[in-house]
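FYI, the numbering for the sequence shown is 1 to 711, going by full-length UniProt numbering. A quick write-up on the structure given underneath.
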Amino acid sequence: FFYSPQEVVSGDSEEENNSVNLMDFSDEILLHILSYIPSTDLVLNVRRTCRKLATLCLDKSLTHTVLLQKDYKVNKDKVKQLMRDIGKEIYQLNMAGCYWLPSSTIDHVTRCKNLVKLNLSGCHVTSLRLSKMLSTLQHLRSLAIDVNPGFDASQLSSECKATLSRVSELKQTLFTPSYGVVPCCTSLEKLLLYFEILDRSREGFMLSGQLMVGESNVPHYQNLRVFYARLAPGYVNQEVVRLYLAVLSDRTPENLHAFLISAPGSFAETGATKNLLDSMARNVRLDALQLPKAWINGSGLLQHLKFNNPFYFSFSRCTLSGGHLIQRVINGGKDLKSLTSLNLSGCVHCLAPESLFRKAEDDIDSSILESLVVSCCNLRHLNLSAAHHHSSESIGNHLCQLLSRLKHLLSLALPVCSITNVAVNVEKPPTASNLVPQTFGRKVRIGIQTCPRNLADQANQKIESSVFWALMGSLRFLETLEIIGSSFSSAMPRNEPAIRNSLPPCVRAQSVGDSEVAAISQLTYLQSLTLAQLPNILTGSGLVSIGLQCQQLRTLSLANLGMMGKVGYMSALMDMLKHCKCLRDLRLEQPYFCAGAQFFQALSHCSSLQRLCIVSRSGTLQSDAVMSFMANCLEVIMCHMFMGESLTACRNLQQSIVRSFQADRPALNVVIFPLLHEDLTEVIRDVPMRHLDEITLFKSRVAEEPPNLWW
1 FFYSPQEVVS
11 GDSEEENNSV
21 NLMDFSDEIL
31 LHILSYIPST
41 DLVLNVRRTC
51 RKLATLCLDK
61 SLTHTVLLQK
71 DYKVNKDKVK
81 QLMRDIGKEI
91 YQLNMAGCYW
101 LPSSTIDHVT
111 RCKNLVKLNL
121 SGCHVTSLRL
131 SKMLSTLQHL
141 RSLAIDVNPG
151 FDASQLSSEC
161 KATLSRVSEL
171 KQTLFTPSYG
181 VVPCCTSLEK
191 LLLYFEILDR
201 SREGFMLSGQ
211 LMVGESNVPH
221 YQNLRVFYAR
231 LAPGYVNQEV
241 VRLYLAVLSD
251 RTPENLHAFL
261 ISAPGSFAET
271 GATKNLLDSM
281 ARNVRLDALQ
291 LPKAWINGSG
301 LLQHLKFNNP
311 FYFSFSRCTL
321 SGGHLIQRVI
331 NGGKDLKSLT
341 SLNLSGCVHC
351 LAPESLFRKA
361 EDDIDSSILE
371 SLVVSCCNLR
381 HLNLSAAHHH
391 SSESIGNHLC
401 QLLSRLKHLL
411 SLALPVCSIT
421 NVAVNVEKPP
431 TASNLVPQTF
441 GRKVRIGIQT
451 CPRNLADQAN
461 QKIESSVFWA
471 LMGSLRFLET
481 LEIIGSSFSS
491 AMPRNEPAIR
501 NSLPPCVRAQ
511 SVGDSEVAAI
521 SQLTYLQSLT
531 LAQLPNILTG
541 SGLVSIGLQC
551 QQLRTLSLAN
561 LGMMGKVGYM
571 SALMDMLKHC
581 KCLRDLRLEQ
591 PYFCAGAQFF
601 QALSHCSSLQ
611 RLCIVSRSGT
621 LQSDAVMSFM
631 ANCLEVIMCH
641 MFMGESLTAC
651 RNLQQSIVRS
661 FQADRPALNV
671 VIFPLLHEDL
681 TEVIRDVPMR
691 HLDEITLFKS
701 RVAEEPPNLW
711 W
């Protein structure tokens with residue numbers, strides 16, 4: 001969109017002569033505009049437009065930090081030219097998730113002699129290439145890499161180890177049991193570990209969590225301030241992380257202020273970990289904490305840990321009661337104004353005074369939530385999903401009414417049953433249609449379901465009485481919203497076959513439908529929206545309202561809306577998509593979804609779309625429509641479809657897409673595969689981690705990690 005000064009002002013009329021010339025803007029304004037352009041376009045294209053832009057494009061504010069992590073059009077030649085032109089000016093380089101670039105691309109990073117921060121997560125880097133590159137980066141202080149099978153620390157040169165000895169921040173993603181480069185980093189202050197080791201090899205052999213021969217060197221944690229470990233499912237990941245923790249248990253760093261371990265399922269406490277936690281309770285004051293549920297449940301650990309100015313807590317899936325939460329963590333409301341992120345996902349009793357004799361479906365104690373809201377008034381990220389948080393009939397004490405006081409919220413995750421209007425539920429029992437079980441068998445028609453006649457009726461329905469409508473109106477600056485059924489589980493778990501049956505929704509969630517979805521349209525600044533297991537979606541008319549009003553929406557995830565045997569909201573979804581000009585990621589999970597010509601024609605209006613994922617048991621797709629969609633939407637680089645089609649049909653379509661578009665889209669990643677096929681897990685393991693973690697696998701992402709954990 002850049003033109004020469006002569007091209008900007010043209011024509012003889014007075015109106016044209018008075019038009020604004022882009023080059024007349026101040027340098028400060030132009031630099032701000034240029035900051036939104038990818039570095040490769042800036043240096044390789046825009047810089048050649050005119051002399052003024054040639055100078056501005058090389059300004060230190062634009063070349064200091066180069067971000068390639070989602071520049072899906074970048075290729076090896078562009079990286080080579082970019083490094084040749086401005087390599088010496090780059091101090092921070094982020095190439096995270098550039099899985100499509102050949103490993104030889106890393107060789108050009110050696111031109112960036114002044115690099116201080118380097119992120120190569122998701123890139124193909126061998127031990128020898130890493131050694132050669134790091135040997136030239138003497139100023140490096142922050143590094144992120146993957147450790148793949150075949151990594152050999154003995155191949156690292158002495159110059160490379162000298163560079164690593166000065167690194168203070170390290171992020172390692174492990175795909176094989178290894179210490180990686182951790183033993184070489186003797187000045188570590190921040191250590192982030194992502195364990196993605198599979199329990200079985202491709203040949204079906206069971207893997208061991210024992211480290212490779214020659215990795216007897218131990219990590220150096222004496223200066224550590226932040227320790228973070230995230231484990232994928234599997235026992236090998238647990239075995240390896242215990243080896244990393246063993247050193248911590250011997251001597252706890254005095255400056256440790258953030259200790260976070262995210263582990264799915266059961267991760268049992270051992271004597272070594274108990275010694276570590278006891279040492280932490282005696283010697284450190286924390287600002288951020290996350291522990292496996294088995295380490296917290298039934299223990300008095302929280303009573304002994306000391307906190308300084310905490311900014312992040314995660315008690316995900318713990319049986320922590322609201323009474324313990326108030327007494328041991330919130331401490332009566334003292335010193336919790338600093339808390340900005342809180343994850344209570346799956347913490348089913350966190351809003352009840354005790355958990356011993358309480359059922360998960362019982363009403364919450366509003367006084368506990370009120371204490372939480374008052375004490376943590378500066379919360380920006382709050383996750384209350386995966387639990388039944390049922391409000392009582394007390395006036396003014398509904399969960400939505402209390403949460404509306406958190407004016408600083410930027411992201412929020414709630415269970416569907418928590419947003420129902422209690423008074424309506426009491427006065428109006430569930431309709432006959434809601435009493436019909438959601439199954440995949442024959443449809444049972446009971447009466448005629450009434451639907452709103454138009455969008456205006458939908459928007460005006462229960463405006464004054466709906467507590468959820470009022471909540472949405474009070475959180476005007478919310479950017480991320482997740483409304484997920486408390487019993488929802490995706491058909492695509494991580495390392496297991498697809499789930500064939502899902503649990504029914506909570507009874508209180510039966511009334512949540514189109515009017516509640518329409519209330520979300522009040523969020524003008526909404527960027528990411530997840531809706532899962534909303535059983536009373538009839539027409540989906542609220543989706544159209546969101547498409548019209550939420551013009552900044554970039555990520556949309558819809559799962560199991562309405563009746564499970566019928567996609568009743570398809571027409572509204574197609575109308576919605578025509579307005580989503582900024583949408584980049586779309587994930588749909590719905591049984592019997594028909595991805596036909598009309599759907600893909602509507603989706604083609606999403607001109608910014610980059611990633612598409614459809615998960616559908618017994619779903620169908622039209623190959624010609626998919627090919628036409630890919631031809632029209634030039635930005636799409638990820639197409640994942642797990643449907644009910646045959647293996648042959650899926651393979652033929654996948655090959656056709658790759659053959660037709662791979663040359664022009666270097667980052668193109670296509671996976672089309674039968675959802676219920678026994679080899680699904682083998683196919684998923686080849687999906688780039690960026691796509692798998694961000695869109696393909698369903699999960700709640702609000703407060704999943706501390707804010708600004710990595711740059």
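The C-beta atom is built at its ideal place from N, Cα and C for all residues, glycine as well. Treat the numbers as computed from the prediction; the structure is a model and nothing was measured.
Starting from the C-beta of residue i, find all residues in its chain whose C-beta is less than 8 Å away, skip the five residues before and the five after it, and write them out in chain order.
{"i": "R285", "result": "H257, K306, F307 and N308"}
{"i": "L44", "result": "K78, Q81, L82 and D85"}
{"i": "L583", "result": "L553, R554, T555, L556, L577, C606, S608 and L609"}
{"i": "F313", "result": "A288, L289, Q290, V329, L339, S341, L342 and N343"}
{"i": "W711", "result": "Q92, N94, K117, N119 and S142"}
{"i": "P430", "result": "Caution applies to P430, whose pLDDT of 42 falls short of 50 and renders its modelled position unreliable; the value that the coordinates give is listed next. V507, Q510 and S511, listed in sequence order."}
What residues match up with residue i in a beta bridge as DSSP calls it?
{"i": "M570", "result": "DSSP output for M570 lists no bridge partner at all."}
{"i": "T420", "result": "T420 pairs with nothing; no bridge assigned."}
{"i": "Y312", "result": "A288 and S341"}
{"i": "Y194", "result": "T173 and R230"}
{"i": "N669", "result": "M638"}
{"i": "S142", "result": "K117 and E169"}
{"i": "T480", "result": "S411 and S528"}
{"i": "F259", "result": "F227 and L289"}
{"i": "Q601", "result": "BP columns for Q601 are empty, so no partner."}
{"i": "E589", "result": "A559 and V615"}
{"i": "L709", "result": "The partner list for L709 (beta bridge, DSSP) is empty, contrary to what the question assumes."}
For residue i, which residues from the same chain have a beta carbon less than 6 Å from its beta carbon, with the 5 sequence-adjacent residues on both sides left out?
{"i": "K80", "result": "H108"}
{"i": "V426", "result": "Caution is warranted here: a pLDDT of 40 is assigned to V426, below 50, making its placement in the model unreliable, and no coordinate value can be reported."}
{"i": "S466", "result": "N421"}
{"i": "Q527", "result": "E479, Q552 and R554"}
{"i": "Y228", "result": "L192 and L260"}
{"i": "L382", "result": "L342 and L412"}
{"i": "M638", "result": "R611, N669 and H691"}
{"i": "N283", "result": "T252"}
{"i": "F477", "result": "Y525"}
{"i": "Q92", "result": "T65 and K117"}
{"i": "V20", "result": "none"}
Out of the options, which has the shortest C-alpha to C-alpha gap to residue i?
{"i": "T105", "options": "H139, D679, E89 and L68", "result": "L68"}
{"i": "E159", "options": "S168, R141, P505 and S135", "result": "S135"}
{"i": "H408", "options": "H389, E479 and K359", "result": "E479"}
{"i": "F468", "options": "L399, S502 and T49", "result": "L399"}
{"i": "H32", "options": "K52, F313 and S61", "result": "S61"}
{"i": "S418", "options": "L372, L529, E516 and P183", "result": "E516"}
{"i": "R242", "options": "H390, L53, L193 and L224", "result": "L193"}
{"i": "S39", "options": "V416, C50 and L58", "result": "L58"}
{"i": "L143", "options": "C112, T126, L118 and H124", "result": "L118"}
{"i": "Q654", "options": "T252, V348, V544 and V671", "result": "V671"}
{"i": "K699", "options": "V373, F175, A386 and N297", "result": "A386"}
{"i": "H304", "options": "H324, F311 and R380", "result": "H324"}
{"i": "I657", "options": "C633, M23 and Q598", "result": "C633"}
{"i": "R111", "options": "L137, H124 and S121", "result": "L137"}
{"i": "E239", "options": "F195, Y221 and V218", "result": "F195"}
{"i": "C50", "options": "N275, I684 and M23", "result": "M23"}
{"i": "G346", "options": "C318, Y99 and S571", "result": "C318"}
{"i": "K76", "options": "D686, P666, P707 and L276", "result": "P666"}
{"i": "V247", "options": "S628, Q522, A559 and A272", "result": "A272"}
{"i": "P415", "options": "E482, S392 and L402", "result": "E482"}
Assuming residue i and residue j form a contact by the criterion Cβ under 8 Å, report the distance between their Cβ atoms to the nearest whole angstrom.
{"i": "S168", "j": "R141", "result": "5 Å"}
{"i": "I499", "j": "S487", "result": "Contact flag wrong, Cβ pair sits at about 12 Å."}
{"i": "Q210", "j": "P177", "result": "6 Å"}
{"i": "F600", "j": "V626", "result": "6 Å"}
{"i": "L188", "j": "N223", "result": "6 Å"}
{"i": "N237", "j": "I197", "result": "5 Å"}
By Cβ distance below 7 Å, which residues in the same chain neighbour residue i in space, the five residues on each side in sequence not counted?
{"i": "residue 717", "result": "The question about residue 717 has no answer, for the chain in this structure spans 1 to 711."}
{"i": "R494", "result": "A232, P233 and L697"}
{"i": "S474", "result": "S404"}
{"i": "A491", "result": "A498, I499, E589, V615, R617 and L675"}
Mind checking if residue i is an interface residue toward chain E, Cβ cutoff 8 Å exclusive?
{"i": "G547", "result": "Here chain E cannot be found, since the structure has a single protein chain."}
May I ask you to verify whether the segment 580-590 touches the segment 644-651, counting CB pairs closer than 8 Å and requiring at least 3?
As far as the Cβ criterion goes, the segment 580-590 does not touch the segment 644-651, which means the pair count is below three.
So does the segment 591-608 actually touch the segment 561-581, counting three or more Cβ pairs closer than 8 Å?
Counting Cβ pairs under 8 Å, three or more are found: they touch.
Counting pairs of beta carbons, one from the segment 356-365 and one from the segment 336-345, are three or more of them closer than 8 Å?
The segment 356-365 and the segment 336-345 do not touch, with fewer than 3 CB-CB distances between them shorter than 8 Å.
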